[in-house]
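In this text, residue positions in the sequence shown follow this note's numbering: the first is 3, and each later residue adds one. By construction, the Cβ of each residue, glycine as well, lies at the ideal position given by its N, Cα and C atoms. Please read these numbers as outputs of a predicted model, since none were measured by experiment.
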Amino acid sequence: MGRLNLDNSFWLQDTLDYREAVMNKLQMGYGLEVFKGDFTNSEFQKKMTDWVYEKTNHALQPQFSDLINSPEDNAFSIISTLDYIGQWTDTFDTDDTQKGIFYCGDGTQTECEFMNSEDEGYKFHDYLKGEDYISTALRTNTREKMIFILPDEKQDIYDFWNGDRLTEILSAWENDECSKAKLKFSVPKFNCSSKTDLKTIAEKMKVNQVFDPSSGAFAPLSDDPLYLTDIKQEASISIDETGCSVASYIHVSAAGAEPKEYDEVEICLDRPFYYIICKEGVPFLIGFVHNPVE
Numbered sequence: 003m004g005r006l007n008l009d010n011s012f013w014l015q016d017t018l019d020y021r022e023a024v025m026n027k028l029q030m031g032y033g034l035e036v037f038k039g040d041f042t043n044s045e046f047q048k049k050m051t052d053w054v055y056e057k058t059n060h061a062l063q064p065q066f067s068d069l070i071n072s073p074e075d076n077a078f079s080i081i082s083t084l085d086y087i088g089q090w091t092d093t094f095d096t097d098d099t100q101k102g103i104f105y106c107g108d109g110t111q112t113e114c115e116f117m118n119s120e121d122e123g124y125k126f127h128d129y130l131k132g133e134d135y136i137s138t139a140l141r142t143n144t145r146e147k148m149i150f151i152l153p154d155e156k157q158d159i160y161d162f163w164n165g166d167r168l169t170e171i172l173s174a175w176e177n178d179e180c181s182k183a184k185l186k187f188s189v190p191k192f193n194c195s196s197k198t199d200l201k202t203i204a205e206k207m208k209v210n211q212v213f214d215p216s217s218g219a220f221a222p223l224s225d226d227p228l229y230l231t232d233i234k235q236e237a238s239i240s241i242d243e244t245g246c247s248v249a250s251y252i253h254v255s256a257a258g259a260e261p262k263e264y265d266e267v268e269i270c271l272d273r274p275f276y277y278i279i280c281k282e283g284v285p286f287l288i289g290f291v292h293n294p295v296e
């Protein structure tokens, strides 16, 4: 059993002039819900936060200030929500779950429960060894996968997403560029909530044009010089022996034969790591576990 609900909405300041043909195409071609109103109006603000609450299956209800800092300057907003439950194809045995130490990025340690698995017989797992990280994935019965990325201990965890790193990892997994191994895998159970500034990550990945007022990036939408000011994500995610559940929103603001012999590889996620949940190579959640018990 599982579910994957992705919803998207476009919120427009009603005093600005938008091209109706473009808005109609967004509604008809991409299934966006389009709303027009005044971002300084309390009823319109409540309509936005209630929309997030409804589309995340009542898991997240942000304050309007979590979405928009300066409503008087906001030209438009895009909100995308995710409501997801997935069950692992190969569930973990609860008898193998053991307490262990997780080494947090700030130098502290915390005790948490680690789920453990070890391939035997015909069983093997894919893994990806990059220049400064190692990665593996858990697959779900509904064809999603959760990719775990463990940067090397000497790698600066906060500078990991520079350049084309995301494309590199997703492409490798999607194009079957991984190796196979008898994998010994340990991952902490966690139930985490986070708020992430995706604008910073986008800028590190050199996605800069949409933040430049003079770029004309949104010229097809309006004659006004529109540009993005913020990209924020709030997410709540938990994983256990049976699967994964996620609620999140992203808010964009504008101003059979003999068994083959495989190497043995051990991946123990006992220090800060990243995860990507994707389907058919398209990511719908990227996150970071700094402390699995917070």
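So if DSSP puts Trp90 in a beta bridge, which residue, or which two residues, is it bridged to? Sequence index remark: in the sequence shown, residue 90 carries index 88 (1-based). DSSP lists Thr142 as partners of Trp90.
Do Cys229 and Thr83 have their CB atoms nearer than 7 Å? What you label residue 229 is simply residue 227 of the sequence shown in a count that begins at 1. What you label residue 83 is simply residue 81 of the sequence shown in a count that begins at 1. Sequence inspection shows Tyr at residue 229; the Cys mentioned does not correspond to that position. It is not a contact, given that the beta carbons lie outside the stated cut-off.
Residue from Ser137, Pro227, Ser173 and Phe213 with nearest C-alpha to Ala183: For this step, residue 183 is matched to residue 181 along the sequence shown. Ala183 has its Cα closest to that of Ser137, out of Ser137, Pro227, Ser173 and Phe213.
Sort out for me which residues DSSP pairs Ile80 with in a bridge. By 1-based counting over the sequence shown, the position of residue 80 is 78. DSSP lists Phe12 and Val254 as partners of Ile80.
Can you name the residues that DSSP bridges to Phe37? As a first step, residue 37 is located in the sequence shown; it is residue number 35 there, counting from the start. Per DSSP, Trp13.
Is Ser255 closer than 7 Å to Ser79 when the C-beta atoms are compared? Here residue 79 corresponds to residue number 77 of the sequence shown, with the count starting at 1. Here residue 255 corresponds to residue number 253 of the sequence shown, with the count starting at 1. Yes.
When we look at the beta-carbon of Gly289 and count the other beta-carbons within 10 Å, is it buried (16 or more) or exposed? The residue labelled residue 289 in the question sits at position 287 within the sequence shown. It counts as buried.
Under DSSP, the beta strand (DSSP E) around Asp265 begins and ends at which residues? Position 263 of the sequence shown, counting from 1, holds the residue named residue 265. Counting along the chain, the beta strand (DSSP E) containing Asp265 begins and ends at Asp265 to Cys270.
State the DSSP-derived secondary structure class of Asn293, mapped to helix, strand or coil. Sequence index remark: in the sequence shown, residue 293 carries index 291 (1-based). It is coil, neither helix nor strand.
Terminal residues of the continuous alpha helix (DSSP H) containing Phe66? For the purposes of this step, residue 66 is taken as residue 64 along the sequence shown, with counting starting at 1. Counting along the chain, the alpha helix (DSSP H) containing Phe66 begins and ends at Phe66 to Leu69.
Length of the line joining the Cα atoms of Ala259 and Glu179: Counted from its first residue, the sequence shown places residue 259 at position 257. Counted from its first residue, the sequence shown places residue 179 at position 177. With a pLDDT of 36 at Ala259, under the threshold of 50, the modelled position of that residue is not reliable, and the figure given next carries that caveat. Near 22 Å, if we compare the C-alpha coordinates of Glu179 and Ala259.
Other residues of its chain near Met25: CB distance less than 7 Å, five sequence neighbours each side excluded: As a first step, residue 25 is located in the sequence shown; it is residue number 23 there, counting from the start. Cβ within range, chain order: Val36.
For Glu122, which residues in the same chain have their Cβ closer than 6 Å to its Cβ, ignoring the five residues on either side in sequence? Against the sequence shown, residue 122 aligns to sequence position 120. Closer than 6 Å at Cβ, skipping near neighbours: no residue.
Rounded to a whole number of angstroms, what is the C-alpha to C-alpha distance between Pro294 and Phe41? Stepping through the sequence shown from its first residue, residue 294 is reached at position 292. Stepping through the sequence shown from its first residue, residue 41 is reached at position 39. Rounded to the nearest angstrom, the two C-alpha atoms are 36 Å apart.
Just grab the DSSP bridge partners of Tyr277 for me. Mapped onto the sequence shown, residue 277 falls at position 275. According to DSSP, Tyr277 bridges with Phe150 and Gly289.
Within 10 Å of its beta-carbon, does Leu223 have 16 or more other beta-carbons around it, so buried, or fewer, so exposed? Position 221 of the sequence shown, counting from 1, holds the residue named residue 223. That one is buried.
Could you please give the first and the last residue of the uninterrupted beta strand (DSSP E) stretch that includes Ser238? One-based indexing of the sequence shown puts residue 238 at position 236. Run containing Ser238: Leu230 to Ile241, per the beta strand (DSSP E) assignment.
Of the listed residues Lys281, Asn43 and Val291, nearest to Lys191 (C-alpha basis): Counting from one through the sequence shown, the residue named residue 191 turns up at place 189. When each option's Cα is compared against that of Lys191, the closest is Val291.
Pro261 to Gly33 span [Cα, whole Å]: Taking the first residue of the sequence shown as position 1, residue 261 is located at position 259. Taking the first residue of the sequence shown as position 1, residue 33 is located at position 31. Caution is warranted here: a pLDDT of 42 is assigned to Pro261, below 50, making its placement in the model unreliable, and the coordinate value is therefore given only provisionally. Cα to Cα, Pro261 sits roughly 47 Å from Gly33.
So, do the segment 145-160 and the segment 274-288 have three or more beta carbon pairs nearer to each other than 8 Å? yes
Which residues in the same chain as Thr244 place their Cβ atom closer than 7 Å to its Cβ, once the five residues preceding and following it in sequence are excluded? By 1-based counting over the sequence shown, the position of residue 244 is 242. Around Thr244: Gln89, Trp90 and Thr93.
In this structure, does DSSP put Pro190 in helix, strand or coil? Translated into positions along the sequence shown, residue 190 becomes position 188. If DSSP states are grouped into helix, strand and coil, Pro190 belongs with the strands.
Should Asn118 and Ser188 be called a contact, given that it needs their Cβ atoms to be closer than 7 Å? The sequence position of residue 118 within the sequence shown is 116, counting from 1. The sequence position of residue 188 within the sequence shown is 186, counting from 1. Closer than 7 Å, so yes.
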